[in-house]
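Enquirer:
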Amino acid sequence: MSPGSYTENLRITTGNLIIRSASGDPEDTTIIANSQYEDVFYVEANNVKITGFSINGPGTDRAGVYLVRSSNCIIENNRLANGTLGIYLKQSNYNLILNNTAVNGKRAINIERSNYNKASGNTVSNQRFGIYSLFSEGNILSDNTVSMSADHGIVLESSSNTSLENNIVSSNGDYGIYLASSGNSNLTGNTADSNTVYGIYLKDSSGNNLVNNKVLNSSRGIFLLRTGDSMLSGNLASNNERGIQITSAGNNNVLKNSVSDNSFSGISLLNSTQCNISENILSNNTIGINLAFSSNGTVFNNTVQNGGRGLNLQDSNYNALLNNNVVKNRYGAYLLRSGWNVLSNNDLSEGEDHGIVLENSSNYNDLTGNIASYNRVYGIYLKDSSNNNLNSNEAAGNNRGVFLTKSNGNTLLNNTILDNSEYAILLTYSSENNISENDASNSNRGIHLSTSSDNTISGNNIASNGVSGLYMTSTSNNNTVFNNYLNNNVNANIKPASFGNVWNTTKTSGTNIAGGPYIGGNLWAKPDGTGFSQTATDADGDGIADGVYNIGTSGYTDYLPLVAVSKTEQSTPQVDVTEEQTETPAEESETSTDDQIGAPTDESETSTDDRSEYDDQSEYDDQSGSDDQSGSDDQSGFDDQSGFDDQSGFDDQSGFDDQSGFDDQSGFDDQSGFDDQSGFDDQSEYR
Numbered sequence: 001m002s003p004g005s006y007t008e009n010l011r012i013t014t015g016n017l018i019i020r021s022a023s024g025d026p027e028d029t030t031i032i033a034n035s036q037y038e039d040v041f042y043v044e045a046n047n048v049k050i051t052g053f054s055i056n057g058p059g060t061d062r063a064g065v066y067l068v069r070s071s072n073c074i075i076e077n078n079r080l081a082n083g084t085l086g087i088y089l090k091q092s093n094y095n096l097i098l099n100n101t102a103v104n105g106k107r108a109i110n111i112e113r114s115n116y117n118k119a120s121g122n123t124v125s126n127q128r129f130g131i132y133s134l135f136s137e138g139n140i141l142s143d144n145t146v147s148m149s150a151d152h153g154i155v156l157e158s159s160s161n162t163s164l165e166n167n168i169v170s171s172n173g174d175y176g177i178y179l180a181s182s183g184n185s186n187l188t189g190n191t192a193d194s195n196t197v198y199g200i201y202l203k204d205s206s207g208n209n210l211v212n213n214k215v216l217n218s219s220r221g222i223f224l225l226r227t228g229d230s231m232l233s234g235n236l237a238s239n240n241e242r243g244i245q246i247t248s249a250g251n252n253n254v255l256k257n258s259v260s261d262n263s264f265s266g267i268s269l270l271n272s273t274q275c276n277i278s279e280n281i282l283s284n285n286t287i288g289i290n291l292a293f294s295s296n297g298t299v300f301n302n303t304v305q306n307g308g309r310g311l312n313l314q315d316s317n318y319n320a321l322l323n324n325n326v327v328k329n330r331y332g333a334y335l336l337r338s339g340w341n342v343l344s345n346n347d348l349s350e351g352e353d354h355g356i357v358l359e360n361s362s363n364y365n366d367l368t369g370n371i372a373s374y375n376r377v378y379g380i381y382l383k384d385s386s387n388n389n390l391n392s393n394e395a396a397g398n399n400r401g402v403f404l405t406k407s408n409g410n411t412l413l414n415n416t417i418l419d420n421s422e423y424a425i426l427l428t429y430s431s432e433n434n435i436s437e438n439d440a441s442n443s444n445r446g447i448h449l450s451t452s453s454d455n456t457i458s459g460n461n462i463a464s465n466g467v468s469g470l471y472m473t474s475t476s477n478n479n480t481v482f483n484n485y486l487n488n489n490v491n492a493n494i495k496p497a498s499f500g501n502v503w504n505t506t507k508t509s510g511t512n513i514a515g516g517p518y519i520g521g522n523l524w525a526k527p528d529g530t531g532f533s534q535t536a537t538d539a540d541g542d543g544i545a546d547g548v549y550n551i552g553t554s555g556y557t558d559y560l561p562l563v564a565v566s567k568t569e570q571s572t573p574q575v576d577v578t579e580e581q582t583e584t585p586a587e588e589s590e591t592s593t594d595d596q597i598g599a600p601t602d603e604s605e606t607s608t609d610d611r612s613e614y615d616d617q618s619e620y621d622d623q624s625g626s627d628d629q630s631g632s633d634d635q636s637g638f639d640d641q642s643g644f645d646d647q648s649g650f651d652d653q654s655g656f657d658d659q660s661g662f663d664d665q666s667g668f669d670d671q672s673g674f675d676d677q678s679g680f681d682d683q684s685e686y687r
């Protein structure tokens with residue numbers, strides 16, 4: 001057709017035709033609908049090519065090019081404008097839609113009950129929906145640019161085995177890419193930028209692969225709802241509210257993604273099970289990896305840096321957090337009401353507050369082989385959490401190494417807790433804990449008990465602590481202390497009003513901590529070599545001193561004190577671990593730290609508000625003894641009513657307070673995301 005403007009509707013029912021403009025330029029050859037009640041091009045034939053036209057003005061529910069029961073057609077290099085539907089395929093297979101431009105319509109490219117078609121290189125803008133596939137399979141959508149749609153950029157509904165490759169979807173009113181009931185599809189190399197709600201959203205769509213996509217500047221980057229058995233790999237999710245979120249789903253793999261600068265969370269699981277999050281790199285997220293109401297997941301070998309909470313578990317059980325590098329966050333790992341989890345071989349260091357936190361009935365967790373060092377406040381902190389196992393962890397260079405408050409029945413075994421500026425191990429209001437075979441040395445205070453009873457302290461190395469090795473307040477009773485190696489200027493400061501504390505066990509055959517043949521009491525040494533155990537006689541060579549050891553003015557006696565019979569008898573050099581005055585703290589003296597130092601609180605969730613100070617007069621009452629002015633007015637452990645500002649996005653009572661994303665009661669509130677009445681009717685077809 002020669003250049004010009006034509007007013008007509010064309011009906012093509014004969015195949016093997018090429019209909020093209022003479023110039024090949026859509027700008028100079030225009031076809032305007034003669035009747036708005038008909039399609040401009042109606043094609044019911046095979047092997048038809050339409051190319052080089054501007055196609056304008058089809059009316060409501062009419063298309064610029066409509067292919068029905070047609071195959072092997074090519075629609076290429078056309079410009080479609082001001083029509084309800086641009087290019088529409090129905091019951092048409094093996095067609096090509098290439099390099100077309102569509103503006104100012106309702107749906108630019110529609111594929112309904114049509115299979116194995118390819119739409120590539122098209123530019124779509126200012127539609128309600130850019131590209132829409134319904135009840136179709138095996139189609140390829142590639143290298144398309146879809147922008148400024150009122151609702152969604154690309155939609156697949158009940159369309160499986162579809163490939164979305166290298167598309168750019170941006171500035172769409174709701175979602176960039178939306179899949180509903182569309183499984184076994186591949187989304188590869190797509191960019192979803194600045195879409196209002198979701199970048200890429202999958203609902204009830206399982207078995208998909210999302211690989212090497214970029215999702216930027218949206219409320220949520222990649223969101224999977226009731227979508228399992230999918231792989232998310234090599235994606236970039238940045239500058240969203242949530243980077244990657246999986247809700248009410250199972251058996252998903254989230255691998256080797258880069259997730260950064262998301263204002264709430266990097267990678268989140270909500271009410272999901274058996275998901276694997278591995279080898280991802282996360283930085284500058286308020287929460288790095290977040291599990292809420294999720295179980296049996298694996299979080300392995302991820303790098304999480306420079307965020308609020310590195311690893312966060314809320315109401316989540318039976319998960320494994322293994323070999324993660326989580327450094328320079330506010331908190332390394334934070335567990336709230338979460339139990340039976342395994343944390344093993346993680347590096348949770350250099351935090352602004354704490355390395356590992358277990359709070360509010362986080363029970364029966366296993367912490368093994370972790371490094372929680374050089375955190376500003378605590379290495380490992382337990383509050384209201386019981387029956388946990390802490391084995392072979394390192395907590396060095398913190399303000400306080402390991403702190404248990406209101407936590408009972410825990411086991412601390414073989415941990416290395418060195419060079420902490422105040423306490424190596426601190427217990428307040430905690431009972432029936434077993435503290436054995438730990439190295440609690442080179443700190444200001446070694447093991448410190450306040451209002452903590454019925455604990456067992458045995459086999460520990462407690463040496464070179466500046467103020468005291470062991471300290472018990474007058475309200476710490478019925479503790480059993482034996483077979484410890486103490487080598488400090490002040491080995492034990494025990495308040496006399498306490499009762500029932502025992503300083504040796506029954507003489508039992510077995511190698512003691514000094515290398516002797518019997519286990520009994522403790523080894524009492526001093527750095528200058530003048531300690532009781534270093535000078536006592538042992539006539540019968542049983543490794544037990546011939547006399548008893550009276551512990552200061554406490555009224556307590558170690559009846560079976562050990563003697564130094566091995567290398568432990570050598571004096572340990574005194575280490576200057578603090579500038580604090582070193583007199584022994586007196587009655588009820590507890591902790592001290594800077595007011596500015598934050599601590600987690602009851603029911604706290606997500607915030608990076610550093611105003612979480614100590615404010616709990618029931619825990620510390622430092623009235624005398626060590627004035628400890630180098631620390632703070634530490635009247636508390638934690639202000640249970642403060643800490644995290646819930647307005648920052650995480651609501652303890654429901655898991656997520658997220659009116660725009662999903663309803664915590666049901667997993668997802670469909671009314672808030674995709675309004676079926678406003679966009680399309682899931683039960684019907686378009687025509």
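Numbering (the UniProt record's numbering), first residue to last: 1 to 687. Note that beta-carbon positions come from the ideal geometry of N, C-alpha and C, so glycine has one too. All figures in this text were calculated on a predicted structure; none of them were measured in a lab.
(1) What does a CB cutoff of less than 8 Å around ASN46 pick up in its chain, not counting 5 residues either side in sequence?
(2) Looking at the secondary structure, which residues open and close the beta strand (DSSP E) in which GLN274 lies?
(3) Given that a residue counts as buried once 16 or more other Cβ atoms are within 10 Å of its Cβ, and exposed if not, what is ILE417?
(4) Nearest CA to the CA of GLY515: which residue from VAL563, ASP315, GLY130, SER498?
(5) Give me the Cβ distance between ASN77 and GLY105, rounded to the nearest whole Å; I'm assuming they're in contact under 8 Å.
(6) Find the nearest neighbour of GLY153 within the set TYR178, ASN166, TYR518, ASN139, judged by alpha-carbon distance.
(7) By the DSSP assignment, the beta strand (DSSP E) with PHE300 in it spans what residues?
(8) Would you mind reading off the limits of the beta strand (DSSP E) that contains PHE223?
(9) Compare the Cα-Cα distances from ASP542 to each of ASN550, GLY510, GLN534 and report the closest residue.
(10) Check each candidate in ALA395, ASN512, ILE551, ILE513 and name the one with the smallest Cα separation from LEU470.
(11) Where residue 695 and ARG400 are concerned, what is the direct C-alpha to C-alpha distance, given to the nearest angstrom?
(12) Can you tell me whether PRO496 is buried or exposed, with buried defined as 16 or more other CB within 10 angstroms of its CB?
(13) With a Cβ-Cβ cutoff of 8 Å, do ASN501 and GLY520 count as a contact?
(14) Hey, could you find the ends of the beta strand (DSSP E) THR29 is sitting in?
(15) Determine the burial state of GLY531: buried for a count of at least 16 other Cβ atoms within 10 Å of its Cβ, exposed for fewer.
(16) In its own chain, which residues sit with a C-beta less than 6 Å from the C-beta of PRO3, not counting the 5 before and 5 after it?
(17) Tell me whether TYR88 is buried or exposed, calling it buried when 16 or more other Cβ atoms sit within 10 Å of its Cβ.
(18) In chain order, what residues of the same chain have a beta carbon less than 6 Å from the beta carbon of ASP454, not counting five sequence neighbours either side?
(19) Run through the stretch 449–507 for me and flag every whole beta strand (DSSP E) of 3 or more residues, listed as ranges in chain order.
(20) With burial defined as no fewer than 16 other Cβ atoms inside 10 Å of the residue's Cβ, what is the status of SER5: buried or exposed?
(21) If you draw a straight line from the alpha carbon of MET472 to that of SER205, how long is it in whole angstroms?
(22) Less than 7 Å between C-beta atoms, sequence neighbours within five positions excluded: which residues of the same chain meet that for GLY555?
(23) With H, G and I counted as helix, E and B as strand and the rest as coil, what does DSSP make of THR13?
(24) Can you tell which of PHE223, ASN166, SER218, ASP143 has the C-alpha that lies nearest to the C-alpha of GLY173?
(25) Rounded to the nearest angstrom, what separates SER142 and ALA119 at their Cα positions?
(26) Have a look at VAL68, THR84, THR13 and flag the residue whose alpha-carbon is nearest the alpha-carbon of GLN36.
(27) Between which two residues does the beta strand (DSSP E) harbouring SER133 extend?
(28) What does the Cβ neighbour count give for GLY637, buried or exposed, with the cut at 16 atoms within 10 Å?
(29) With burial defined as no fewer than 16 other Cβ atoms inside 10 Å of the residue's Cβ, what is the status of PHE499: buried or exposed?
(30) How would you write the range of the alpha helix (DSSP H) that GLN534 sits in, first residue to last?
(31) Just the C-alpha distance for ASP540 and SER452, rounded to the nearest angstrom, thanks.
(32) When DSSP builds the beta bridges, which residues end up paired with ALA440?
(33) Can you name the start and end residues of the beta strand (DSSP E) that SER260 belongs to?
(34) My understanding is that SER385 touches SER407, with C-beta atoms under 8 Å, so please give their C-beta distance in whole angstroms.
(35) Could you name the residues of the same chain whose beta carbon sits closer than 8 Å to that of ILE465, not counting the 5 residues immediately before and after it, in chain order?
Expert: On the basis of the coordinates in this document:
(1) Here the set comprises GLY15, ASN16, SER70, SER71, ASN72, CYS73.
(2) Judged by DSSP secondary structure, GLN274 falls outside any beta strand (DSSP E); it is assigned neither H nor E.
(3) Around the CB of ILE417, 16 or more other CB atoms lie within 10 Å, so the residue is classed as buried.
(4) Proximity to GLY515 across VAL563, ASP315, GLY130, SER498 peaks at VAL563, based on C-alpha coordinates.
(5) Here ASN77 is actually not in contact with GLY105; their C-beta atoms are around 18 Å apart, not less than 8 Å.
(6) Nearest C-alpha to GLY153 among TYR178, ASN166, TYR518, ASN139: TYR178.
(7) For PHE300, the enclosing beta strand (DSSP E) starts and ends at 298–300.
(8) PHE223 -> beta strand (DSSP E) spans 220–225.
(9) Ranking ASN550, GLY510, GLN534 by Cα distance to ASP542 puts GLY510 first.
(10) Nearest to LEU470 by alpha-carbon distance, out of ALA395, ASN512, ILE551, ILE513, is ILE551.
(11) Any question about residue 695 goes unanswered here, given that the chain covers just 1 to 687.
(12) It counts as exposed.
(13) No; because the gap between Cβ atoms is not below 8 Å, this pair is not in contact.
(14) Taken as a continuous stretch (DSSP letters only), the beta strand (DSSP E) holding THR29 covers 29–32.
(15) Buried: at least 16 other Cβ atoms inside 10 Å.
(16) Excluding positions up to five away in sequence, the list reads SER23, ASP28, THR29.
(17) Label assigned to TYR88: buried.
(18) Correct list, in chain order: SER431, GLU432, ASN478.
(19) Segments of the beta strand (DSSP E) lying fully in the stretch 449–507: 456–458, 461–463, 468–472, 480–482, 485–487, 492–494.
(20) Its Cβ having fewer than 16 others within 10 Å, SER5 is exposed.
(21) One C-alpha to the other measures close to 59 Å.
(22) If the five residues before and after GLY555 are omitted, its C-beta is found closer than 7 Å to the C-beta atoms of PRO496, all from its own chain and listed in chain order.
(23) When DSSP states are grouped into helix, strand and coil, THR13 belongs to the coil group.
(24) Measuring C-alpha to C-alpha distances from GLY173 to each of PHE223, ASN166, SER218, ASP143 identifies SER218 as the nearest.
(25) Straight-line measurement puts the Cα of ALA119 at about 6 Å from the Cα of SER142.
(26) Closest in alpha carbon position to GLN36, among VAL68, THR84, THR13, is THR84.
(27) Counting along the chain, the beta strand (DSSP E) containing SER133 begins and ends at 129–134.
(28) Because the pLDDT at GLY637 is just 34, under 50, the model does not fix this residue reliably, and the value given afterwards should be weighed accordingly. Classification of GLY637: buried, given that the 10 Å Cβ count is 16 or more.
(29) Classification of PHE499: exposed, given that the 10 Å Cβ count is below 16.
(30) Going by DSSP, GLN534 is part of the alpha helix (DSSP H) stretching over 532–535.
(31) About 37 Å.
(32) Note: ALA440 sits in a beta bridge opposite ILE417.
(33) SER260 -> beta strand (DSSP E) spans 258–260.
(34) Contact flag correct, Cβ pair sits at about 5 Å.
(35) According to the sequence shown, residue 465 is Asn rather than Ile. Hits under 8 Å: ALA424, ALA440, SER441, ASN442, SER443, ASN444, ARG445, GLY446, ASN488, VAL577.
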